[in-house]
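**Student:**
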Amino acid sequence: MEKLIISGQRKLNGDVHISGMKNAALPILFACALNKETCVIENVPPVSDIGTTLSILADMGVEIEYRSRNTVIINAKNFASGASSDAKVRKIRASSYLLGVELGRTGSTRVAYPGGCSFGVRPLDQHLKGFEIMGAEMSGDHGGISGSAPNGLHSGKIMLDIPSVGATVNLMLAAVLTPGTTVIGNAAREPHIVDLAVFLNSCGAEVFGAGTSEIKIVGVSELHGCTHTIIPDMIEAGTYMAAVAGTGGRVNVCNVIPKHLESIIGKLREMGVDIVEGATGVTVSSTGELKSSQITTAAYPGFPTDMHPQFSVLLCSAQGMGTVTDKIWENRFAYVEELLKMGATVTRAGNTACFAGNQKLCGAAVNATDLRGGAAMVIAALMAEGETEIGNLHYIDRGYDDLIGKLSRLGADIRRVNVDEDADFNFGAIKD
Ligand code: EPU
80 MEKLIISGQR KLNGDVHISG MKNAALPILF ACALNKETCV IENVPPVSDI GTTLSILADM
140 GVEIEYRSRN TVIINAKNFA SGASSDAKVR KIRASSYLLG VELGRTGSTR VAYPGGCSFG
200 VRPLDQHLKG FEIMGAEMSG DHGGISGSAP NGLHSGKIML DIPSVGATVN LMLAAVLTPG
260 TTVIGNAARE PHIVDLAVFL NSCGAEVFGA GTSEIKIVGV SELHGCTHTI IPDMIEAGTY
320 MAAVAGTGGR VNVCNVIPKH LESIIGKLRE MGVDIVEGAT GVTVSSTGEL KSSQITTAAY
380 PGFPTDMHPQ FSVLLCSAQG MGTVTDKIWE NRFAYVEELL KMGATVTRAG NTACFAGNQK
440 LCGAAVNATD LRGGAAMVIA ALMAEGETEI GNLHYIDRGY DDLIGKLSRL GADIRRVNVD
500 EDADFNFGAI KD
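Numbered according to the numbering used here, the sequence shown spans residues 80 to 511.
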């Protein structure tokens with residue numbers, strides 16, 4: 080079993096280059112399966128959720144080639160709808176995007192229930208409601224979801240109850256090749272929705288209004304190939320910004336779109352961190368002494384739920400009591416148990432966690448509980464006195480490209496080791 084070993088209390092200094100956004104690359108790679116021509120996708124982060132996605136698509140007849148570590152060449156002319164591996168689909172959340180792709184391309188779909196980080200129930204009712212308005216009959220059994228529109232999908236107006244990222248993506252994918260104008264109301268406005276629309280439009284689609292709460296998609300008969308560069312990952316950037324805020328130091332976070340970071344920058348400034356914004360980067364300077372804050376997550380442009388656990392760690396040592404209320408994932412608090420092992424004082428009521436503040440974290444043996452909970456443990460370990468050992472690294476591998484290289488170059492003492500914890504006592508080693 081692999082673990083991260085981190086010796087804490089080193090200031091971070093230097094430059095960190097942010098990779099492409101996982102949550103933009105995932106829908107764009109699935110969207111390539113709507114296209115019979117070749118697409119070149121650049122700035123794809125080599126993280127395990129992307130590896131799983133490419134492997135699912137390859138099993139379905141999609142030709143995939145790498146031009147470099149970050150550039151994928153993809154051709155889906157032989158895409159076999161309905162042929163996804165149940166086991167691989169269950170590994171990631173974004174595999175649900177196959178529903179929209181298959182319905183849009185062939186009028187029928189069958190996909191196992193998707194997996195992903197566990198924050199309690201993660202319903203798909205908004206996705207299914209939209210497909211039904213577009214004329215598909217959807218049904219679920221113990222193994223997965225099926226849908227069929229024998230005469231093909233038709234356009235419609237779908238008013239989402241919640242501005243769900245996944246439902247917005249899935250309905251955009253279903254609508255691109257569907258005749259007529261499909262309207263998605265109360266749509267998600269996240270930057271990755273805009274990136275998906277930019278990619279689709281570069282392939283000849285007609286998607287209007289992405290980034291606002293109403294997206295209109297005028298169906299086209301086919302897409303053509305294109306080259307597209309994935310936008311920088313605002314959550315990866317925010318994670319490094321939070322790390323510097325907690326440890327102290329001065330780091331240039333390079334290759335970002337500062338506009339996407341507005342809510343994160345705002346909170347860090349409120350907590351006493353100095354941030355200078357440039358055209359394609361931000362410089363973060365911190366003494367490590369932070370003021371407390373009250374944080375509530377919200378859909379973009381609000382404070383992102385995917386930054387909640389990382390900021391919780393900062394609130395442990397900040398001056399005064401702080402709170403985090405998660406309005407998107409009410410059960411995203413599994414990491415709190417791990418923080419308690421490092422000496423934090425946290426109480427929880429419903430979807431709010433309350434951090435006593437003014438506390439020194441100390442090294443301990445902890446686990447990543449999910450992707451961002453794992454990132455939070457890394458930040459806690461960087462801030463803590465002594466050595467921390469973090470297990471369950473597969474969660475962190477889902478979304479952070481070269482975490483160890485990037486943090487080491489900033490001066491962190493971090494290494495990944497193999498620990499054979501499960502080895503039984505070796506009687507053979509005893510000599511008579
Ligand atoms: N929801 C419903 N019904 C639906 C869909 C969503 O009730 O049909 C609810 C969810 O239960 C949740 C809220 O709506 O309370 C938002 O869910 P959303 O659909 O927006 O989330 P998602 O598409 O499943 C994506 C990201 C998550 C990120 C959320 C919110 C991907 C692959 N995943 O999930 O990213 O937390 O949006 O921004 O894009 C991560 O990267 O660590 C991660 C978990």
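Ideal placement from N, C-alpha and C gives every residue a C-beta, glycine not left out. Treat the numbers as computed from the prediction; the structure is a model and nothing was measured.
(1) I237 to L207, Cα distance in whole Å?
(2) Among T359, I263, G367, which residue has its Cα nearest to the Cα of A246?
(3) Of the choices G186, P193, I152, V151, whose alpha-carbon is the least far from that of S163?
(4) Nearest to L450 by alpha carbon, out of S127, V352, L302, A104?
(5) Specify the secondary structure class of Q88 as computed by DSSP and reduced to three states.
(6) So, is the C-beta of N154 closer than 8 Å to a C-beta in chain D?
(7) Relative to the C-alpha of T318, which residue among A228, H233, V392 is closest?
(8) What ranges does the alpha helix (DSSP H) occupy inside the segment 367-419, keeping only unbroken runs of at least 4 residues that lie completely in it?
(9) Tell me whether the beta-carbon of I544 lies closer than 8 Å to the beta-carbon of A104.
(10) According to DSSP, simplified to helix, strand and coil, what is K170?
(11) D385: beta carbon under 7 Å from a heavy atom of the ligand EPU?
(12) Determine contact between the segment 448-468 and the segment 381-388, defined as no fewer than three beta-carbon pairs at a distance below 8 Å.
(13) Under the three-state reduction of DSSP, which class applies to R451: helix, strand or coil?
(14) Per DSSP, which residues does V190 bridge with? Please list them.
(15) Excluding sequence positions up to five away, which residues of its chain have a Cβ less than 6 Å from the Cβ of R494?
(16) The beta strand (DSSP E) spanning E144 covers which residue range?
(17) For the ligand EPU, is there any heavy atom lying closer than 7 Å to the beta carbon of L250?
(18) For the 8 Å Cβ check, are there 3 or more pairs between the segment 108-117 and the segment 297-304?
(19) Within the continuous beta strand (DSSP E) that includes K236, where are the two ends?
(20) Is S591 helix, strand or coil when you go by DSSP?
(21) Does any heavy atom of the ligand EPU sit closer than 7 Å to the C-beta of H339?
(22) Between the segment 168-181 and the segment 205-224, are three or more C-beta pairs nearer than 8 Å?
(23) Taking just the CA atoms, how far does F278 sit from D481?
(24) Indicate, with yes or no, if the ligand EPU has a heavy atom lying under 7 Å from the CB of V244.
(25) Give the C-beta separation of R89 and T306 to the nearest angstrom, bearing in mind that I take them to be a contact with Cβ-Cβ under 8 Å.
(26) Helix, strand or coil for H206, going by three-state DSSP, please let me know.
(27) Could you tell me whether any non-hydrogen atom of the ligand EPU is closer than 7 Å to the CB of P514?
(28) Beta carbon of N334: closer than 7 Å to some heavy atom of the ligand EPU?
(29) Work out the CA separation of V255 and E285 for me, nearest whole Å.
(30) Would you list the one or two residues that DSSP bridges to L83?
(31) What are the complete alpha helix (DSSP H) segments, minimum 4 residues, inside the segment 271-357?
(32) Do the segment 291-300 and the segment 326-343 make contact, defined as three or more Cβ pairs closer than 8 Å?
(33) Sorted by chain position, which residues of the same chain lie with C-beta nearer than 6 Å to A276's C-beta, five sequence neighbours on each side aside?
(34) Could you round the C-beta distance between E468 and G199 to whole angstroms and report it? I think they count as a contact, below 8 Å.
(35) Leaving aside the five residues before and after L461 along the sequence, list all residues of the same chain whose C-beta is less than 7 Å from its C-beta, in chain order.
(36) Excluding the 5 residues preceding and the 5 following T402 in the sequence, name in chain order all residues of the same chain whose CB lies nearer than 6 Å to its CB.
**Tutor:** Well, looking at it:
(1) Your numbering for residue 237 matches position 158 in the sequence shown. Your numbering for residue 207 matches position 128 in the sequence shown. Cα to Cα, the separation comes out at about 11 Å.
(2) As a working note, residue 246 is residue 167 in the sequence shown. Of the listed residues, the one whose Cα sits closest to A246 is I263.
(3) Translated into the one-based positions of the sequence shown, residue 163 becomes position 84. The residue with the shortest Cα to Cα distance from S163 is P193.
(4) Your numbering for residue 450 matches position 371 in the sequence shown. Per the Cα distances, S127.
(5) One-based indexing of the sequence shown puts residue 88 at position 9. Q88: coil per DSSP, three-state reduction.
(6) The structure shown contains no chain D; it is built from a single protein chain.
(7) For the purposes of this step, residue 318 is taken as residue 239 along the sequence shown, with counting starting at 1. Nearest C-alpha to T318: V392.
(8) 387-396
(9) In this structure the chain extends from 80 to 511, so residue 544 is not present and cannot be described.
(10) Taking the sequence shown and counting its residues from 1, one reaches residue 170 at position 91. If DSSP states are grouped into helix, strand and coil, K170 belongs with coil.
(11) Start at 1 with the first residue of the sequence shown, and residue 385 comes out as number 306. Yes - the ligand EPU has a heavy atom lying nearer than 7 Å to the Cβ of D385.
(12) yes
(13) Numbered from its first residue, the sequence shown carries residue 451 at position 372. The answer is helix: DSSP assigns R451 an H, G or I state.
(14) Counting from one through the sequence shown, the residue named residue 190 turns up at place 111. Beta-bridge pairing links V190 to I224.
(15) As a working mapping, residue 494 is identified with position 415 in the sequence shown. Closer than 6 Å at the Cβ level, and outside the excluded window around R494, lie I84.
(16) Sequence index remark: in the sequence shown, residue 144 carries index 65 (1-based). Where E144 is concerned, the enclosing beta strand (DSSP E) stretches over 142-145.
(17) For the purposes of this step, residue 250 is taken as residue 171 along the sequence shown, with counting starting at 1. It does not: the Cβ of L250 is nowhere closer than 7 Å to a heavy atom of the ligand EPU.
(18) yes
(19) Counting from 1 along the sequence shown, the entry for residue 236 is found at position 157. 236-238 is the extent of the beta strand (DSSP E) around K236.
(20) A query on residue 591 cannot be resolved here, the shown segment of the chain reaching from 80 to 511 and no further.
(21) Residue mapping note: residue 339 aligns to position 260 of the sequence shown, counting from 1. Every heavy atom of the ligand EPU is 7 Å or more from the Cβ of H339, so no.
(22) yes
(23) As a first step, residue 481 is located in the sequence shown; it is residue number 402 there, counting from the start. As a first step, residue 278 is located in the sequence shown; it is residue number 199 there, counting from the start. Roughly 26 Å between the two C-alpha positions.
(24) For the purposes of this step, residue 244 is identified with residue 165 of the sequence shown, where counting begins at 1. Result yes, Cβ under 7 Å from the ligand EPU.
(25) Taking the first residue of the sequence shown as position 1, residue 89 is located at position 10. Taking the first residue of the sequence shown as position 1, residue 306 is located at position 227. Contact flag wrong, Cβ pair sits at about 40 Å.
(26) For this step, residue 206 is matched to residue 127 along the sequence shown. H206 falls in the helix class under three-state DSSP.
(27) Residue 514 falls outside the range modelled here, since the chain spans only 80 to 511, and no answer is possible.
(28) As a first step, residue 334 must be located in the sequence shown, where it is residue number 255. Every heavy atom of the ligand EPU is 7 Å or more from the Cβ of N334, so no.
(29) As a working mapping, residue 285 is identified with position 206 in the sequence shown. As a working mapping, residue 255 is identified with position 176 in the sequence shown. Cα to Cα, the separation comes out at about 7 Å.
(30) Counting from 1 along the sequence shown, the entry for residue 83 is found at position 4. BP columns for L83 point to I469, R495.
(31) 313-326, 341-349
(32) no
(33) Taking the sequence shown and counting its residues from 1, one reaches residue 276 at position 197. V286, A289.
(34) In the sequence shown, counting from the first residue as 1, residue 468 sits at position 389. In the sequence shown, counting from the first residue as 1, residue 199 sits at position 120. Rounded, the Cβ-Cβ distance is 28 Å, inconsistent with contact.
(35) On the sequence shown, position 382 is the one that residue 461 refers to. These residues qualify, in order along the chain: I85, G87, A322, G325, T326, A491.
(36) By 1-based counting over the sequence shown, the position of residue 402 is 323. Closer than 6 Å at the Cβ level, and outside the excluded window around T402, lie Q373, T431, C433.
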